[in-house]
Amino acid sequence: MEGQTPGSRGLPEKPHPATAAATLSSMGAVFILMKSALGAGLLNFPWAFSKAGGVVPAFLVELVSLVFLISGLVILGYAAAVSGQATYQGVVRGLCGPAIGKLCEACFLLNLLMISVAFLRVIGDQLEKLCDSLLSGSPPAPQPWYADQRFTLPLLSVLVILPLSAPREIAFQKYTSILGTLAACYLALVITVQYYLWPQGLVRESHPSLSPASWTSVFSVFPTICFGFQCHEAAVSIYCSMSKRSLSHWALVSVLSLLACCLIYSLTGVYGFLTFGTEVSADVLMSYPGNDMVIIVARVLFAVSIVTVYPIVLFLGRSVMQDFWRRSCLGGWGPSALADPSGLWVRMPLTVLWVTVTLAMALFMPDLSEIVSIIGGISSFFIFIFPGEAPAFQAFCPFVLPCSSLCCLEVWGVVSVLVGTFIFGQSTAAAVWEMF
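For the sequence shown, UniProt numbering assigns the number 1 to the initial residue and increments by one for each residue that follows.
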């Protein structure tokens, strides 16, 4: 490594990850990272608090998870800096080898696909509930065809989601991410205020349970928290799009983003649980009266929030398919005229394919809580296992850190892998068991 000696303390000389334009500001990075985390999991947090047995155990699990979540983001930023790769799967393939890289791509694609399906399902449920509220009359009437989510969801996908997913760079999403973050904040504010105002027609549990049923019930909320704070898949792409790239600056962006998300998630989880107790629905908005105008506005804004985060997930999933396309063209399998996977003639068909497949799956998907458990289990790979496994620290840290710090990082990597493996095994097995 040129210019590096064992006694040096600077970052190793590595090329910056290749991106088309590194123009993303720090504030834009914070909003995109926040919006990546503030997805459909926001609706599930009151249910997770109920499943954990109360506010205190759920909040402790959230704080412990936050330590691993922030450290995972910092590790991914450093790994991107030293590997010169611009995507999550590229970083893992470059540092861990082609075999682990292929495993990462498969898990990455499956995880993002299921997240996209869950997002569309949430949007469809909110649209259907919204239509029921607006079209309900005193005599119950059958739902018209145009209020069915099998019509409204494909229409929204074609008119709104597909155009938002077309841009080439993730930096474009900073504009929609601001709107989506404000919409998520409104939902947390509504749930908090509704607890104190207790509007007419709201039925809530007077004495919610404040202790877990068993120790396994506490661990069972990890998948929901992983699903809620899931922004690690986008971390490398966001870091590589930033105009100011340094490890300390990226650490500050990560901490600010996740602390803000933690505040929003905690308010939603605490007050949603205290309002409905063990009777809370997996989708907390379904527990509120459908004719409350404040809740109707919350449904609209939350649907807007999910619509703005779906393109970020699609961008990441499309990047995996583009990498495969690029390797195929380099191997002589594809036409040379379409060798650039970011070009319009490749990017748009992949975008249309992604929206079509996830839309078809969303219209026939089972209960959302079961899907969230499976997604949360798979997410542990990207939050705990792959960042803990990345040998960037072993390969490069001897040039940067003293031996004592290197040992601490290696121990932390082992702990991350063990925790991630436990969460994946426990949550996935429990979710499959409940489904059958």
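Glycine included, each C-beta is placed from N, C-alpha and C at the ideal position.
Span separating the alpha-carbon of residue i from that of residue j
| i | j | result |
| --- | --- | --- |
| residue 92 | residue 155 | 37 Å |
| residue 13 | residue 168 | In this predicted model, residue 13 has a pLDDT of only 41, less than 50, meaning its place in the structure is not dependable; the value taken from the coordinates is given anyway. Approximately 29 Å between the Cα atoms of the pair. |
| residue 106 | residue 291 | 43 Å |
| residue 172 | residue 349 | 20 Å |
| residue 24 | residue 237 | 11 Å |
| residue 99 | residue 256 | 34 Å |
| residue 343 | residue 159 | 22 Å |
| residue 162 | residue 355 | 7 Å |
| residue 394 | residue 103 | Residue placement at residue 394 cannot be trusted, given a pLDDT of 46 that sits under 50; the coordinates are not used to answer. |
| residue 363 | residue 318 | 21 Å |
| residue 258 | residue 264 | 10 Å |
| residue 198 | residue 184 | 21 Å |
| residue 296 | residue 43 | 15 Å |
| residue 138 | residue 294 | The predicted model places residue 138 with a pLDDT of 49, which falls under 50 and marks its position as unreliable; any figure quoted below should be read in that light. Straight-line Cα distance between these residues: approximately 21 Å. |
| residue 94 | residue 67 | 26 Å |
| residue 30 | residue 249 | 11 Å |
| residue 260 | residue 226 | 16 Å |
| residue 32 | residue 252 | 14 Å |
| residue 69 | residue 142 | 46 Å |
| residue 223 | residue 131 | 31 Å |
| residue 127 | residue 84 | 43 Å |
| residue 433 | residue 108 | 23 Å |
| residue 194 | residue 422 | 37 Å |
| residue 286 | residue 145 | 22 Å |
| residue 221 | residue 117 | 21 Å |
| residue 152 | residue 304 | 14 Å |
Burial state of residue i, where buried means 16 or more other Cβ atoms lie within 10 Å
| i | result |
| --- | --- |
| residue 88 | buried |
| residue 35 | buried |
| residue 288 | buried |
| residue 429 | exposed |
| residue 418 | exposed |
| residue 353 | exposed |
| residue 228 | buried |
| residue 414 | exposed |
| residue 28 | buried |
Cβ separation of residue i and residue j, assumed to be a contact under 8 Å, to the nearest whole Å
| i | j | result |
| --- | --- | --- |
| residue 77 | residue 235 | 7 Å |
| residue 357 | residue 115 | That pair is no contact at about 13 Å. |
| residue 272 | residue 45 | 7 Å |
| residue 176 | residue 351 | Contact flag wrong, Cβ pair sits at about 16 Å. |
| residue 26 | residue 174 | That pair is no contact at about 11 Å. |
| residue 81 | residue 189 | The pair is not a contact, with the Cβ atoms about 37 Å apart (cut-off 8 Å). |
| residue 135 | residue 147 | 6 Å |
Segment limits, alpha helix (DSSP H) that includes residue i
| i | result |
| --- | --- |
| residue 233 | 232-241 |
| residue 176 | 173-197 |
| residue 253 | 247-276 |
| residue 51 | 41-52 |
| residue 78 | 55-83 |
| residue 168 | Element bounds for residue 168: n/a, residue is neither H nor E. |
| residue 345 | 344-362 |
| residue 88 | 88-96 |
| residue 154 | 149-156 |
Reference residue i; option with closest CA among the options
| i | options | result |
| --- | --- | --- |
| residue 315 | 26, 49, 113 and 97 | 113 |
| residue 65 | 296, 230, 279 and 307 | 230 |
| residue 219 | 53, 102, 293 and 24 | 53 |
| residue 125 | 135, 416, 105 and 150 | 150 |
| residue 133 | 300, 261 and 256 | 300 |
| residue 179 | 71, 238, 306 and 130 | 306 |
| residue 310 | 279, 359 and 325 | 359 |
| residue 274 | 40, 58 and 425 | 58 |
| residue 278 | 41, 29, 49 and 40 | 49 |
| residue 475 | 27, 176, 41 and 131 | Outside the shown range of the chain, which is 1 to 436, sits residue 475, and nothing can be said about it. |
| residue 266 | 62, 111 and 79 | 62 |
| residue 361 | 110, 127, 83 and 96 | 110 |
| residue 47 | 324, 425 and 270 | 270 |
| residue 284 | 192, 244 and 96 | 192 |
| residue 186 | 302, 72 and 282 | 302 |
| residue 416 | 253, 345, 37 and 73 | 73 |
| residue 39 | 56, 280, 345 and 268 | 268 |
| residue 71 | 232, 117 and 129 | 232 |
| residue 262 | 286, 323 and 60 | 60 |
| residue 196 | 182, 276, 157 and 101 | 276 |
| residue 166 | 145, 425, 346 and 327 | 346 |
| residue 37 | 181, 79 and 170 | 181 |
Beta carbon proximity, residue i to chain C, threshold 7 Å
| i | result |
| --- | --- |
| residue 99 | You won't find chain C in this structure, because it holds only one protein chain. |
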